[in-house]
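Asker:
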Amino acid sequence: MASRKLLSSLLRPYLRLSSTLKPSITIKPPRPSPAGFFLNRLAEYATSAAAAPSAPPPPSPEKKAGPGGGKVTNEFTGAGAVGQVCQVIGAVVDVRFEAGELPPILTALEVLDNEVRVVLEVAQHLGESMVRTISMEATEGLVRGQKVLNTGAPIMVPVGRATLGRIMNVIGEPIDGSDELKSDHHLPIHREAPAFVEQSTEQEILVTGIKLDIFRNFFAKVVDLLAPYQKGGKIGLFGGAGVGKTVLIMELINNVAKAHGGFSVFAGVGERTREGNDLYREMIESGVIKLGDKLGESKCSLVYGQMNESPGARARVALTGLTVAEHFRDAEGQDVLLFVDNIFRFTQIENMYGIKDEHPILESLSDS
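Numbering-wise (full-length UniProt numbering), the sequence shown opens with residue 1 and increments by one.
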């Protein structure tokens, strides 16, 4: 009994103290999106003179020193969001930010007050509040002093079923002459790859069902028998011009759509305009792509970075196609075939321009 009284006497002061304490919960306001944040900041600056004094602002995000004394931040803020073009060398554009806050590498910048939409991607920090960018469009008409907006995010492209049957470029704009591409989902083209623990270790063959006439109307599934494709793997089709690589791609897209109900994404890297147009027409004739009211029943999306476009567009068009394919895989659980035509040109693009002090190389690409 004595020990029980001693225990209760020790607990009473703690109970009286805990009853006087009140839990404090701080609810942080939602962070505005980068697209509307710049406009909100402009409205705030315009009305700040007449506004009443408000609470002190929250502490700024953690920053680290960059080359030349600039500050590199991974969180978009309105201060220093607008820079100026200070040098244009072909597809390479240098931009200076007055506030000293440099956008991170791979951030998308957009030129303001221009006739056409020009998107730049940050490739290097030069110091002195300057960044070197690669343009996704032709730079004809860009002059020194033009305003450039820091979007605070990588290049965002539309994804989902709205892209089926459509042709779009590296920044997600439709180039097939149809209506505007409207999608409720947008994803950045630069994302982290899935971890190894998230990847399947099972080995399963993708049945293509492609039959070839090998002798007097004797058809055999040569691909599935001699060179089977593994699900989740990578396959390379090597051959010269006119040997049937595109025909085999068409058969794969058609068979996967019919047998598995999956989708296909075709990324044309450095494609000739004629080849891209012929492929689009062949897909319409085979029923893989449907037009008009049945556009949503299409089984393929096309992303083109053609030979006449800037090196930056050709270097990133494969990532745009990959982003579209990953959404079908992750969000809808579909079997997706991603075609990159061709991977050799994709590897050559990095040598087509320099992010140092060299001028971009304007030589033509090889045939295959």
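Glycine included, C-beta positions come from ideal geometry on N, C-alpha and C.
Note that this is a predicted model, so its numbers are computed, not measured.
Whose C-beta lies closer than 6 Å to the C-beta of L120 among residues of the same chain, with five residues either side of it excluded?
Answerer: If we look at L120 and ignore the five residues flanking it on each side, its Cβ neighbours are V93, L109, T133, S135.
Asker: Counting pairs of Cβ atoms below 8 Å between the region 121-130 and the region 158-165, do you hit three or more?
Answerer: Too few Cβ pairs lie closer than 8 Å, so no.
Asker: F346 to R314, Cα distance in whole Å?
Answerer: Whole-angstrom Cα-Cα distance: 7 Å.
Asker: Let's test the definition: count the other Cβ atoms within 10 Å of the Cβ of I167 and tell me whether it reaches 16, buried, or not, exposed.
Answerer: By the neighbour-count rule (16 or more Cβ atoms within 10 Å), I167 is buried.
Asker: Enumerate in chain order the residues of its own chain whose CB-to-CB distance from I205 is below 6 Å, with the five nearest sequence positions on each side excluded.
Answerer: Closer than 6 Å at the Cβ level, and outside the excluded window around I205, lie P228.
Asker: Pick helix, strand or coil for Q306, following the three-state DSSP scheme.
Answerer: DSSP places Q306 in coil when its eight states are reduced to three.
Asker: What residues are listed by DSSP as bridge partners for Q230?
Answerer: I205.
Asker: Would you mind stating whether L291 and G177 have Cβ atoms separated by less than 9 Å?
Answerer: Not in contact: L291 and G177 (Cβ atoms no closer than 9 Å).
Asker: Do G276 and Q230 count as a contact pair if the criterion is CB distance below 9 Å?
Answerer: Contact flag unset, no.
Asker: With a threshold of 16 other CB atoms inside 10 Å of the CB of S200, please say whether the residue is buried or exposed.
Answerer: The residue in question, S200, is exposed, as its Cβ has fewer than 16 Cβ neighbours within 10 Å.
Asker: Spell out a yes or no on whether the region 333-341 and the region 261-270 are touching, meaning 3 or more CB-CB pairs, one atom from each, closer than 8 Å.
Answerer: Touching, yes.
Asker: May I ask you to verify whether the region 140-148 touches the region 294-313, counting CB pairs closer than 8 Å and requiring at least 3?
Answerer: No: fewer than three Cβ pairs fall under 8 Å.
Asker: Spatial neighbours of L190 within its chain, please: C-beta separation below 8 Å, excluding the five flanking residues on both sides.
Answerer: Here residue 190 is His; the residue named in the question, Leu, does not match the sequence. Counting only Cβ-Cβ distances below 8 Å, and skipping sequence neighbours, we find L106, P154, I155, L319.
Asker: Taking the CB atoms as reference points, tell me whether Y259 and G209 lie closer together than 9 Å.
Answerer: Tyr is not the amino acid found at residue 259; the sequence shown has Ala there. Yes, they are a contact pair.
Asker: Nearest-angstrom Cα distance between G70 and L126?
Answerer: Unreliable positioning characterises G70 in this predicted model, as indicated by a pLDDT of 39, which lies under 50. A coordinate reading is not provided.
Asker: Which residue spans inside the region 289-346 form an unbroken alpha helix (DSSP H) run of at least 4?
Answerer: Listed in chain order, the complete alpha helix (DSSP H) runs (minimum 4 residues) inside the region 289-346 are 311-332.
Asker: Can E137 and V116 be called in contact, C-beta distance under 9 Å?
Answerer: A contact, by the Cβ cut-off of 9 Å.
Asker: Using a Cβ-Cβ cut-off of 8 Å (strictly less than) and excluding sequence neighbours within five positions of N114, which residues of its own chain qualify?
Answerer: Excluding positions up to five away in sequence, the list reads G141, L142, Q146.
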